[in-house]
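Enquirer: What follows is a structure written as structure tokens; I'll ask about it next.
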Amino acid sequence: MVALTVIIRGVLKQDTITNMFLPTTKKEIKALGWNKPDIILITGDSYIDSPYIGAAVIGKVLSEAGFKTAIIAQPDINSDQDIKRLGEPKLFWGVSGGCVDSLVANYTATKKWRKQDDYTPGGLNNRRPDRAVIKYTNLIRRYFKNTVPVVLGGIEASLRRISHYDFWSNKIRKSILFDSKANYLIYGMGEKSIVDLANNLKQGDSPDDIPGMCYISKDIREQYIELPSFDDVKSNHKKFIEMFDLFYQNNDPLTAKGLYQKHDSRFLVQNPPAKYLTTLELDQVHNLEFERDLHPYYKKIGNVRALDTIKFSIPTHRGCYGECNFCAITVHQGRTVRWRSESSILKEAKIISKHQDFKGTITDAGGPTANMYGFECKKKLQKGCCSDKRCLYPKICSSLKPNHSSLTQLLKKIKQIKGVKNIFSASGIRYDLILSDKTNGRNYLQQLIGHHVSGQLKIAPEHTKQNILELMGKTDRGSLLDFKKEFDIISRKTGKKQYLTYYLIAAHPGCTASDMKSLKKFTQTKLKTNPEQVQIFTPAPSTYSSLMYYTGINPFTEKKLFVEKSLKGCEKQKQIVIEKNQIQQPRGKKPRSSN
766 MVALTVIIRG VLKQDTITNM FLPTTKKEIK ALGWNKPDII LITGDSYIDS PYIGAAVIGK
826 VLSEAGFKTA IIAQPDINSD QDIKRLGEPK LFWGVSGGCV DSLVANYTAT KKWRKQDDYT
886 PGGLNNRRPD RAVIKYTNLI RRYFKNTVPV VLGGIEASLR RISHYDFWSN KIRKSILFDS
946 KANYLIYGMG EKSIVDLANN LKQGDSPDDI PGMCYISKDI REQYIELPSF DDVKSNHKKF
1006 IEMFDLFYQN NDPLTAKGLY QKHDSRFLVQ NPPAKYLTTL ELDQVHNLEF ERDLHPYYKK
1066 IGNVRALDTI KFSIPTHRGC YGECNFCAIT VHQGRTVRWR SESSILKEAK IISKHQDFKG
1126 TITDAGGPTA NMYGFECKKK LQKGCCSDKR CLYPKICSSL KPNHSSLTQL LKKIKQIKGV
1186 KNIFSASGIR YDLILSDKTN GRNYLQQLIG HHVSGQLKIA PEHTKQNILE LMGKTDRGSL
1246 LDFKKEFDII SRKTGKKQYL TYYLIAAHPG CTASDMKSLK KFTQTKLKTN PEQVQIFTPA
1306 PSTYSSLMYY TGINPFTEKK LFVEKSLKGC EKQKQIVIEK NQIQQPRGKK PRSSN
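Under our numbering, the first residue of the sequence shown carries the number 766, and numbering increases by one thereafter.
The following block contains the structure:
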């Protein structure tokens, strides 16, 4: 396997793209002097050239490694007009559903069709098919018989790579590799694996040993762990739980074993994960130039709303050690946090400050959680994730020593760049991490509240009832109240009228209408607000909470759970919390509107 640093540094190309967009039209292909692309990427999003868009990042990494890489966004699945536009690639097709699972993108938690799509020109949700990865693979095979390999990637493929519960069909489905009839699947963030695959295919070598890749085999892999078969997990809840536990515990590059799972007469083989990118490698990926805009071919159809939030935002790190049970970030990005260097981030901020459309505001600098930049558990970095405990739940592990000093200094330095008037932290924060950082936490909070909050700061307690927090894998509500107190004190001292926005979840497995009434009472009496940011739990693939939803069992205790599965009951739970009631304010204070 060739290291990403060598790939990015060591290749000088004759076919350098004159602008920063990947080609998406025949005219662009001809202008580059290409006979045909080596690789064509298909994506369920429109083509936004941004470091926040997976297809754009993968395309740039492949191009930098010397491969002629083109992209077709949101192809029409009912004709050959789009899919045949660039001809057939020389090495492989890369297929992604986009930045969001297509079914999550297309339907609400109560299975209503979403009219809007932030990644589609014009905003109308009319270009992304259900089960986009499967539909796009079928589209390729319909018009290109006996074609080069089809390679799946992105979050839809990554989270559906083994047998999984599918909420929208309410059944256990096979690995998406079997349902799509693709050749390979790259899981996780994918930069190293996709370049290794491209090199192997170019050289005619077998790619079967590439880390971070899945494929279908007639034979088992020796030394790999066998998961309960598809037939077993679709008929036995305990086997499904056993399968997911084994799958979840084998996602860390330092400790994971390879896995295989029988599907009928063949086997899904999952190689161990690819190693995470180092700080230097992350810097190199983000040093690749991006247009930070929608490709003109698609822009003529209309603008995309996603650009409002990502155009002038900066990704600072990847991964999350929060491990909330309802969230799939740890399965896709990893449980170990990796970050870019300060110099790389400042360089990007300076580039943004000189952009012709920049008005002075960097809308975000963060990752899955804003304040996980610059520190990790040293034991985890050396030996991998613990199998018997988590970093933040039920309490912050003593081996994880939160330190917000690097992030505080980074934000200050970005703010000092000429042309930058504001830089906000829109990613959301883990307030328990701030409170546990006794040395630098308060300094960070003062810096955050004083300079990086645009009126409201997002936090995600999700619930306040202890039994539900335990099922979610979230810390107790005591830290929420402590943080609110600190936030209010510092906000008053700065003379700013700023509020906390609370993200909450209704109808999580185990949650009853009574639990939601308790949550409503808490938000009114303790938080002094009528919440509006309440979402109904969606059982997305590859999370422990989805496991609870499907089986009705707490996988950690093996006890039965109440699960609200009626759409009417789920909506009722949400309405309990968002109902506008008069908030009792202390004497002498006027009531304010809800956040």
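Idealized CB from N, CA, C, for every residue including glycine.
On a predicted model such as this, the values are computed, not experimentally measured, just so you know.
Using a Cβ-Cβ cutoff of less than 7 Å, which residues in the same chain neighbour ASN1205 once the five nearest sequence positions on both sides are dropped?
Expert: ASN1168, HIS1169, SER1170, THR1173
Enquirer: Considering only residues of the stretch 1101 to 1127, which uninterrupted alpha helix (DSSP H) runs meet the minimum length of 4 residues and lie entirely inside it, listed in chain order?
Expert: 1107 to 1118
Enquirer: Could you tell me the distance, in whole angstroms, from the CA atom of GLN839 to the CA atom of ARG907?
Expert: 17 Å
Enquirer: If you draw a straight line from the C-alpha of VAL776 to the C-alpha of VAL1050, how long is it?
Expert: Residue confidence is low: VAL776 scores 35 on pLDDT, short of 50, so the model does not pin down where it sits. No coordinate-derived value is stated.
Enquirer: Quick one: what does DSSP say ALA835 is sitting in, helix, strand or coil?
Expert: strand
Enquirer: With the cut-off set at 8 Å, would you say TRP933 and TYR884 are in Cβ contact?
Expert: no
Enquirer: Could you check whether ILE842 and PRO894 sit closer than 8 Å to each other, using their CB atoms as the reference points?
Expert: Closer than 8 Å, so yes.
Enquirer: Beta-carbon separation of ASN1036 and PRO993 under 8 Å?
Expert: With contacts defined by Cβ atoms closer than 8 Å, ASN1036 and PRO993 do not form a contacting pair.
Enquirer: Which whole-angstrom value is the C-beta distance of ARG1031 and LYS983, which I expect to be below 8 Å?
Expert: 6 Å
Enquirer: Rounded to whole angstroms, what is the Cα-Cα separation between THR1290 and LEU1326?
Expert: 29 Å
Enquirer: Return the chain-ordered list of same chain residues with a C-beta closer than 8 Å to the C-beta of MET785, the five sequence neighbours on each side being excluded.
Expert: ASP814, GLU1054, PHE1055, GLU1056
Enquirer: I need the straight-line Cα distance from ASN1015 to LEU962, nearest angstrom please.
Expert: Going from the Cα of ASN1015 to the Cα of LEU962 covers about 22 Å.
Enquirer: Who are the Cβ neighbours of ASN948 in its own chain at under 6 Å, not counting the five residues just before and after it?
Expert: PRO914, VAL915
Enquirer: Where does ALA1155 land, buried or exposed, given buried means 16+ other C-beta within 10 angstroms?
Expert: Here residue 1155 turns out to be Arg, not Ala, going by the sequence shown. With 16 or more other Cβ atoms inside 10 Å of its own Cβ, ARG1155 counts as buried.
Enquirer: Going straight from the alpha carbon of THR1308 to that of LYS792, what length do you get?
Expert: A direct Cα-to-Cα measurement between THR1308 and LYS792 gives close to 44 Å.
Enquirer: Between which two residues does the beta strand (DSSP E) holding ARG1031 run?
Expert: 1031 to 1035
Enquirer: Suppose you measure from the CA of GLU1336 to the CA of ASP882; what does that come to, to the nearest Å?
Expert: 22 Å
Enquirer: I need the DSSP call for ILE848, collapsed to helix, strand or coil.
Expert: coil
Enquirer: Helix, strand or coil: which one does DSSP assign to LYS1324?
Expert: coil
Enquirer: Rounded to a whole number of angstroms, what is the C-alpha to C-alpha distance between PRO1320 and SER1331?
Expert: 22 Å
Enquirer: Need the endpoints of the beta strand (DSSP E) that LEU806 sits in, please.
Expert: 804 to 808
Enquirer: Report, in whole angstroms, the separation of the C-beta atoms of HIS1082 and GLY1132, which I expect to be a contact under 8 Å.
Expert: By a beta-carbon distance limit of 8 Å, HIS1082 contacts GLY1132. Their separation comes to about 4 Å.
Enquirer: From the DSSP output, which residues share a beta bridge with ILE990?
Expert: ILE990 is bridged by DSSP to LEU1024.
Enquirer: Who does HIS1082 pair with in a DSSP beta bridge?
Expert: TRP1104
Enquirer: Taking the alpha-carbon positions, what's the ASN1208 to VAL860 distance?
Expert: 45 Å
Enquirer: I need the DSSP call for MET978, collapsed to helix, strand or coil.
Expert: Residue state, collapsed to three classes: strand.
Enquirer: Grab me the residues of TYR1138's own chain with a C-beta within less than 6 Å of its C-beta, minus the 5 sequence neighbours each way, in chain order.
Expert: THR1081, HIS1082, TRP1104, LEU1172
Enquirer: Unbroken beta strand (DSSP E) runs of length 3 or more, entirely within the stretch 1212 to 1254: which are they?
Expert: 1221 to 1227
Enquirer: Return the chain-ordered list of same chain residues with a C-beta closer than 6 Å to the C-beta of PHE943, the five sequence neighbours on each side being excluded.
Expert: HIS1028
Enquirer: Skipping 5 residues on each side, what residues in its chain have a beta carbon closer than 6 Å to that of LYS1223?
Expert: Excluding sequence neighbours, LYS1223 sits near GLY1193, THR1266.
Enquirer: Could you please give the first and the last residue of the uninterrupted beta strand (DSSP E) stretch that includes HIS1273?
Expert: From DSSP, HIS1273 is part of no beta strand (DSSP E); its letter is neither H nor E.
Enquirer: With a Cβ-Cβ cutoff of 8 Å, do ILE1362 and ILE848 count as a contact?
Expert: Because the chain here runs from 766 to 1360, residue 1362 falls outside it and cannot be looked at.
Enquirer: Counting along the chain, where does the alpha helix (DSSP H) carrying GLY859 start and finish?
Expert: Not the alpha helix (DSSP H): GLY859 falls in the beta strand (DSSP E), residues 857 to 861.
Enquirer: Based on the DSSP secondary-structure assignment, which residues constitute the bridge partners of THR889?
Expert: According to the sequence displayed, residue 889 carries Leu and not Thr. According to DSSP, which records beta bridges pairwise, LEU889 is partnered with GLN881.
Enquirer: What residues in its chain sit with their C-beta under 7 Å from that of ALA768, if we drop five residues either side in the sequence?
Expert: No answer about ALA768 holds up, because its pLDDT of 40 lies below 50 and its placement is not dependable.
Enquirer: What is the DSSP secondary structure of ASN1168, reduced to helix, strand or coil?
Expert: coil
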